[in-house]
Amino acid sequence: MDNTLLTSYLLIVPLFGALFLIFFPKKSDTAVKYFGLLISLVTFLVSLNLYLEFDQTSSEFQLVDKFMWIENLNISYFVGVDGISMLLVLLTTFLTPLTLFSTWGSIKHKVKEFTFFMLILEVGMLGVFVSLDLFLFYIFWEAMLIPMYFIIGIWGGKRRIYASVKFFIYTMAGSLLMLVAIIWLAVYASEPLGVFTTNLLELYKVGPTVPQTIQNYMFLAFALSFAIKVPLFPLHTWLPDAHVEAPTAGSVILAGVLLKMGTYGLLRFCLPLFPQASINFAPLFSILAVVGIIYGALVAMVQTDMKKLVAYSSVSHLGFVVLGIFALTTESMQGAVIQMVNHGLSTGALFLLVGFIYERTHTREIADYGGIAKIVPVYSAALLIASLSSIGLPGLNGFVGEFLILLGSFKSQVLNSWVYTIFAASGVIFAAVYMLWMYQRVVFGEVKHDRLHSLKDMTASEIAIIIPIFIFIVWIGVYPSTFLGLTESASEAIVKQVLSFSTNVIK
Amino acid sequence: MSEYQIIVFSLFTLFAPLVGFLVTIFWGKKFKSMYLFEVAVITLVLLASIAVMVVKLGYLTDTKIVSEFAWISLGNLPVLGEFNLTLGIMIDNITVIMMFVVSLISTLVHYYSIAYMKGDKRYNRYFAYLGIFTFSMMGIVLTHNILMMYIFWELVGLSSYLLIGFWYEKKSASDAGKKAFIVNRIGDVGMFAGIMMLFITYHTFTFDTIFENISNGILPFNSDFWLTITGLLLFCGAIGKSAQFPLHVWLPDAMEGPTPVSALIHAATMVAAGVYLVARIFVMLTGDALLIIAVVGALSALIPATIALTQNDIKKVLAYSTISQLGYMILALGVGSFVYGFFHLITHAFFKAGLFLGSGSVIHSMHHEQDIQKMGALRKKMPITYVTFVLFSIAIAGVPLTSGFLSKDGILAGTYAFGLLTGQWIFAIVGFLVAMMTAFYMFRLVILTFHGEPRDPHKFEHAHESPLLMTIPLIILASLSVFVFYTANPVDAEGGWFLSKWVKTPETVVPQSARYSFMVSDAETITHQEKVVHSISYSEALHHAHMPAIFLSLFLAGLGILTAFLFYQWKKLNADKLVANIKPLYNFSYNKWYIDELYEATFLAFTMGLSNLLAWFDQKIVDGIVNGTATVTRFFSRFIGGFDTIVVDGLVNLFAYMSGMLGLILRKLQLGKVQAYIVLVIFSLVILVFLFTNLQL
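One line per chain: the protein sequences are A and B, in this order. Just so we're aligned, residue 1 is where the first sequence starts under the working numbering, counting upward by one. Just so we're aligned, residue 1001 is where the second sequence starts under the working numbering, counting upward by one.
See the structure below:
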């Protein structure tokens, strides 16, 4: 294991970029903007390079860097990627520059601070995806809350303080139990391993040997923290508030990447560390996931605020991901990972589009629109594509994920019932209902309000932001193999790890 | 032309319309005449599909051409084995016939629309949408596996959504588009479940492999019952797309779309996709499944026919008629009459497309008037439209020498034979009843529109025959509604090339125990002119059924037409009086059996109510608990805070206070006189010494 530092550059570049930004003079907003974009683009290039170096056939963690950090506690700085984290890293580095670019027009005060927080946020998110040491992971996991807290709290809407405090405390509260569980596990593991360590790969070996009852508690301690982040029904109520109050960039990153950390945590930590408990709780989590799918869709249906509608649709979509994870089949796992990316792209696009029009009209109420198809045709077409992607129309990305998840859950031995699939599939109908209904009320019909006549269509830069997302929406929809190939062996390894301990549970 | 070339040509017919769509949608804004590109593309597609059809039917009649390539490959999976999804096309006779029908009607509709849509704001976009529709429809026709079919199935739904809501300024239009999409999705979820059942059993989506496995006795959960369920789940997709009862409600509303679109999508091709699906999976449908399919078909034939009797909107009559005729096709497949079900799909595609284009011609010349009560006498003004319209009407009514007669008669004979074999006559009764109603409502439509006196003189004044671009497609379709294209014998299609050489009933792969009793025995299966017939008893029954069916259907069709003339042309019978006498029945039919209202009052109200309830629940209860926890915590903190200030800090302060007090008291001792201090010290010393000595003891 050589330290190539390739993975570490992912963290180093935005971190140093952010630190360097501090020394920019006060009135240099333009320079700050360009610099922030440049840094995030460089980070994207770094991740592309990582992707090229990555060996897709292996399920091992690759390109790892490991340095001893806190010698007394045997905690090391230990990062690396497998197929799943690789894909999520790419999603993060892809969305960040687009998001930063999208704020050029909308964020007018404290640009330097904003860019700083965005870059720090990127460090935190990437850190979560590449950490292979529980302690390091926990630090990134918590550290990421801070920039998000400020992004919502400073640049947010009217109730931003309430939303940001709620977001912070809610997610923080969940994490504390996880910290306890991490420490307990490391202490427990020090006996068989002969040394105290938070090295994830070492703990993978020990986790499954933890006695069943204790394992259950450990699993729940981890899972609670992740479930809040996902968010899994009924722990989701921080999400609509955070989304509605966050500035567009915050919503995009929140939906696009932050929520994925919850599901990523489930499949990276909960499942392989506590396989028996995972199987134990799989039905419970799947039920919550299915409830979330339908519940989120139904609640989305009657929202009057576009952002809130999209936020609740996230609850529904993430339900699919959780179902895919706990169905514990390779297809559903693959589907869950690709669905994370899909949701990042389509919901990201939806938030961007809602943001674009909000900047023009300063309202997100569906009732304030109507008939804008004639006035802003390009925007209407873009909104249609994003909506259809969210609905899961075949040929676009959403379908591939939902298809694999439903297929996997249908034949899952762990769940061993179709009831999950049947109810989850009904979510597909509701998705069409709430998205098309919103689309109809916003875009179709006669122009309802006179001031809409002066609405401007998408600008060149807005189109430039949305097009890259659409390219991937179509790419995944038409030729998903590019992405599925990346995550294949890693998903398979996780499912295998879990099921290999399952013989005594499933019979 | 080799097989390879056939594949290349077929792929061309699939992807060229996609290119047409992309080019027209992206450059349509810039170049006003971009639509011509789409029209040119679709014309080429038609030529290609004619070439493919001629070669395939003429020289490769009995070959099935398959070509595939990998799409999703997940490699070797535990439990599941290889997981590879292939994209592939399969070309058999049914495929090429469908390709021809789709591309021909699509082409005619393209040309027709050039005139019909003239002056529309979104002219180019309209043609682009037609392009993506043709692409998706070709996909359904060509694919060799059920998953790809599902994908194109949904894409067809999308193009239908876009085209129904094309005039989105009208709320009714955008409502209708949304309704079509959602209702179709309901059926599609069932189909999706069926596809998953197939996949977990057979690990493939390819039709042929699945059928092969079934014939080898591999069944879902090893039971006939689950094979039935799987078949019915797949059929759910057809219920949605082919607008079968109870999901038929979207089709009449879909008439909000431009009329050429109604002709192409909602009469001839897309709605036929459901029938095409059933035909594709026909061999794996068990007897029980077929019986239920027949019931659905019969209900869908009957209910809309009774509704069509009283409608006054020219397109609505045709829409209900379409559902009814699709019901016929489904019914035919359900009673095992595969060839006639498919045959009717083809003949109906031509004459129903013709009827819609004809109605479009009328609507066009009447300045978007669709109410037949305001028409009349139009035959004088629009002779070509009139003549072709009558031709289409006698075809759908089942008058001899037309294609419709051949196919409908075959279906009726099939239901009759089914009655002979099983004793279940209900399908035959419904079939004949619907035949009579069809004849009646079609001629009611013809007479009210084209005969008699103009009832809206003003609009009549301005009416005129449509331009050639619109009438030539009508003429082409009308000529295709004549029997000669299908058989030389005008009363029986059985011996014609269409049914004896091209389209044959495929052999069922369902286990013996699960077939219809008349499909059972292998020993009885005979091969007659290379045509696989179910069994001797079935072919005998068909033979017996043929003559009675012809006479009965002729009689009933004649009766229907005659009644229409008696009521509306010669006015021997008074329609209004009759209506007054049977008011409740009339209202029931006129209001479409109140099915929309029923759905609105139940499913829609339930869903919306539940949504509102859950939204309230989410805000007040779920979030309430969160906020409540926060409030309790804050209250608790305040309490602790209070405790802290009052008790904890109070104690501290109390100590301080008491120390202060003590200080005040002790201060009194500090007198400032040396003598007093000395006394104090000595006194203290004495006490200390005393204490020490005592302690020592």
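Heads up, the beta-carbon is just placed ideally off N, CA and C, and yes, glycines get one too. Bear in mind that the values here come from a model prediction, so they are computed numbers and not experimental data.
(request) Measure the C-alpha to C-alpha separation of G512(A) and A1193(B) and round it to an integer number of angstroms. (result) Past the edges of chain A, shown from 1 to 507, lies residue 512(A), and the structure says nothing about it.
(request) Find out if the Cβ-Cβ distance for the pair A1478(B), T1388(B) is shorter than 7 Å. (result) Position 478 of the second sequence holds residue 1478(B). Position 388 of the second sequence holds residue 1388(B). Taking 7 Å as the Cβ cut-off, A1478(B) and T1388(B) qualify as a contacting pair.
(request) Please list the residues of the region 1262-1277 of chain B that have a C-beta atom closer than 9 Å to any C-beta atom in chain A, keeping them in chain order. (result) Under the 9 Å Cβ criterion, the region 1262-1277 of chain B contributes no residue.
(message) Using the three-state DSSP reduction, which class does F1245(B) fall into: helix, strand or coil?
(response) Your numbering for residue 1245(B) matches position 245 in the second sequence. Here F1245(B) sits in coil by DSSP.
(request) In angstroms with no decimal places, state the Cα-to-Cα distance between T1563(B) and V1317(B). (result) Locating residue 1563(B) in the second sequence gives position 563, where the first residue counts as 1. Locating residue 1317(B) in the second sequence gives position 317, where the first residue counts as 1. Answer to the nearest angstrom: the Cα atoms are 17 Å apart.
(message) Short of 7 Å Cβ to Cβ, which residues in the region 1172-1184 of chain B face chain A?
(response) S1174, K1178, F1181, I1182
(request) In angstroms with no decimal places, state the Cα-to-Cα distance between L1080(B) and H1203(B). (result) In the second sequence, counting from the first residue as 1, residue 1080(B) sits at position 80. In the second sequence, counting from the first residue as 1, residue 1203(B) sits at position 203. Because the pLDDT at L1080(B) is just 46, under 50, the model does not fix this residue reliably, and the point stays unresolved.
(message) Using a 10 Å radius around the Cβ and a threshold of 16 neighbouring Cβ atoms, would you call F219(A) buried or exposed?
(response) The residue you call residue 219(A) lines up with position 219 of the first sequence. Counting Cβ neighbours within 10 Å, F219(A) comes out buried, since at least 16 surround it.
(message) By the three-class DSSP mapping on this structure, what secondary structure does K1504(B) have?
(response) For the purposes of this step, residue 1504(B) is identified with residue 504 of the second sequence, where counting begins at 1. Three-state DSSP puts K1504(B) in coil, outside helix and strand.
(request) Return no unless some Cβ of chain A is closer than 7 Å to the Cβ of G1081(B). (result) Mapped onto the second sequence, residue 1081(B) falls at position 81. Confidence at G1081(B) is low in this model, with a pLDDT of 47, below 50, so its placement is unreliable and no value can be given for it.
(message) Helix, strand or coil, according to DSSP, for T1402(B) in the structure here?
(response) The residue labelled residue 1402(B) in the question sits at position 402 within the second sequence. In the structure shown, T1402(B) adopts extended strand secondary structure according to DSSP, grouped into three states.
(message) Any C-beta of chain B within less than 7 Å: which residues of the region 261-294 of chain A qualify?
(response) none
(message) At the 7 Å Cβ level, is K411(A) part of the contact set with chain B, yes or no?
(response) If you number the first sequence from 1, residue 411(A) lands on position 411. Yes, because at least one Cβ of chain B sits closer than 7 Å to the Cβ of K411(A).
(message) To the nearest angstrom, how far is the alpha carbon of Y1116(B) from that of L1355(B)?
(response) Translated into positions along the second sequence, residue 1116(B) becomes position 116. Translated into positions along the second sequence, residue 1355(B) becomes position 355. Near 15 Å, if we compare the C-alpha coordinates of L1355(B) and Y1116(B).
(request) Quick one: give me the first and last residue of the alpha helix (DSSP H) that R250(A) is part of. (result) Sequence index remark: in the first sequence, residue 250(A) carries index 250 (1-based). Just to set this straight, residue 250(A) is Gly in the shown sequence, not Arg. First-last of the alpha helix (DSSP H) with G250(A): 248-253.
(request) Evaluate N1145(B) with the Cβ neighbour count: other Cβ atoms within 10 Å of its Cβ, from every protein chain shown; 16 or more gives buried, anything less gives exposed. (result) In the second sequence, residue 1145(B) corresponds to position 145, counting from 1. Its Cβ being crowded by 16 or more others within 10 Å, N1145(B) is buried.
(message) At a CB distance below 7 Å, what residues from the region 428-443 of chain A approach chain B? Give them in sequence order.
(response) Here the close residues are V428, I429, A432, V433, L436, W437, Q440.
(request) Give the straight-line distance between the Cα atoms of I1195(B) and F410(A), rounded to the nearest whole angstrom. (result) Locating residue 1195(B) in the second sequence gives position 195, counting from the first residue. Locating residue 410(A) in the first sequence gives position 410, counting from the first residue. Answer to the nearest angstrom: the Cα atoms are 11 Å apart.
(message) For a cutoff of 7 Å on Cβ pairs, would you count N1612(B) as touching chain D?
(response) As a matter of chain content, chain D is missing from the structure shown, whose protein chains are A and B.
(message) Between M1149(B) and chain A, is any beta-carbon pair separated by less than 7 Å?
(response) Residue mapping note: residue 1149(B) aligns to position 149 of the second sequence, counting from 1. No, M1149(B) lies away from the interface with chain A (no Cβ there is under 7 Å from its Cβ).
(request) Kindly indicate if chain A contains any beta-carbon less than 7 Å away from that of V1189(B). (result) Sequence index remark: in the second sequence, residue 1189(B) carries index 189 (1-based). True, the Cβ-Cβ gap to chain A drops below 7 Å.
(message) According to DSSP, I1089(B) sits in a beta bridge with which residue or residues?
(response) Position 89 of the second sequence, counting from 1, holds the residue named residue 1089(B). DSSP lists S1067(B), T1143(B) as partners of I1089(B).
(message) Please list, in chain order, the residues of the region 108-136 of chain A that have any C-beta partner in chain B closer than 8 Å.
(response) Listed in chain order, the positions of the region 108-136 of chain A with a beta carbon within less than 8 Å of a beta carbon of chain B would be empty, since no residue qualifies.
(request) With DSSP collapsed to three states, give me the class of E1465(B). (result) Stepping through the second sequence from its first residue, residue 1465(B) is reached at position 465. Here E1465(B) sits in coil by DSSP.
(request) Can you grab the Cα-Cα spacing for the pair F470(A) / I1476(B), in whole Å? (result) Walking along the first sequence from the start, residue 470(A) turns up at place 470. Walking along the second sequence from the start, residue 1476(B) turns up at place 476. Rounded to the nearest angstrom, the two C-alpha atoms are 42 Å apart.
(request) Using a Cβ-Cβ cut-off of less than 7 Å, list which residues of the region 1027-1052 of chain B approach chain A; keep chain order. (result) Cβ contacts with chain A: none found.
(message) Counting only beta-carbon separations shorter than 7 Å, does E402(A) have a partner in chain B?
(response) In the first sequence, the residue the question calls residue 402(A) occupies position 402. Not closer than 7 Å to any Cβ of chain B, the Cβ of E402(A) fails to qualify, so no.
(request) Could you please tell me which residues of the region 1195-1219 of chain B, in chain order, have their CB closer than 7 Å to any CB of chain A? (result) M1196, F1199, I1200
(request) Starting from A1016(B), find everything on chain A with Cβ-Cβ shorter than 9 Å and list it in chain order. (result) For the purposes of this step, residue 1016(B) is identified with residue 16 of the second sequence, where counting begins at 1. Correct list: empty, because the minimum Cβ distance to chain A is about 17 Å.
(message) Helix, strand or coil, according to DSSP, for F78(A) in the structure here?
(response) Taking the first residue of the first sequence as position 1, residue 78(A) is located at position 78. Strand at F78(A).
(request) For P1490(B), collect the residues of the same chain with a Cβ closer than 7 Å to its Cβ; drop the 5 residues on either side in sequence, then sort them by chain order. (result) Residue mapping note: residue 1490(B) aligns to position 490 of the second sequence, counting from 1. Answer for P1490(B): P1400, L1401, F1483, listed in chain order.
(message) By the DSSP assignment, the beta strand (DSSP E) with D65(A) in it spans what residues?
(response) Start at 1 with the first residue of the first sequence, and residue 65(A) comes out as number 65. First-last of the beta strand (DSSP E) with D65(A): 62-70.
(message) Here's the rule: buried if 16 or more other CB atoms are within 10 angstroms of the residue's CB, otherwise exposed. What is V414(A)?
(response) Mapped onto the first sequence, residue 414(A) falls at position 414. Buried, by the Cβ-count rule.
(message) Is A181(A) close to chain B? Criterion is C-beta to C-beta, closer than 7 Å.
(response) Within the first sequence, numbered from 1, the residue matching residue 181(A) stands at position 181. Not closer than 7 Å to any Cβ of chain B, the Cβ of A181(A) fails to qualify, so no.
(message) In the DSSP assignment, the alpha helix (DSSP H) including K260(A) goes from what residue to what residue?
(response) What you label residue 260(A) is simply residue 260 of the first sequence in a count that begins at 1. Here the alpha helix (DSSP H) through K260(A) covers 259-265.
(request) Please confirm whether F24(A) and V89(A) have their CB atoms less than 7 Å apart. (result) To locate residue 24(A), count along the first sequence from 1; it is residue 24. To locate residue 89(A), count along the first sequence from 1; it is residue 89. No; because the gap between Cβ atoms is not below 7 Å, this pair is not in contact.
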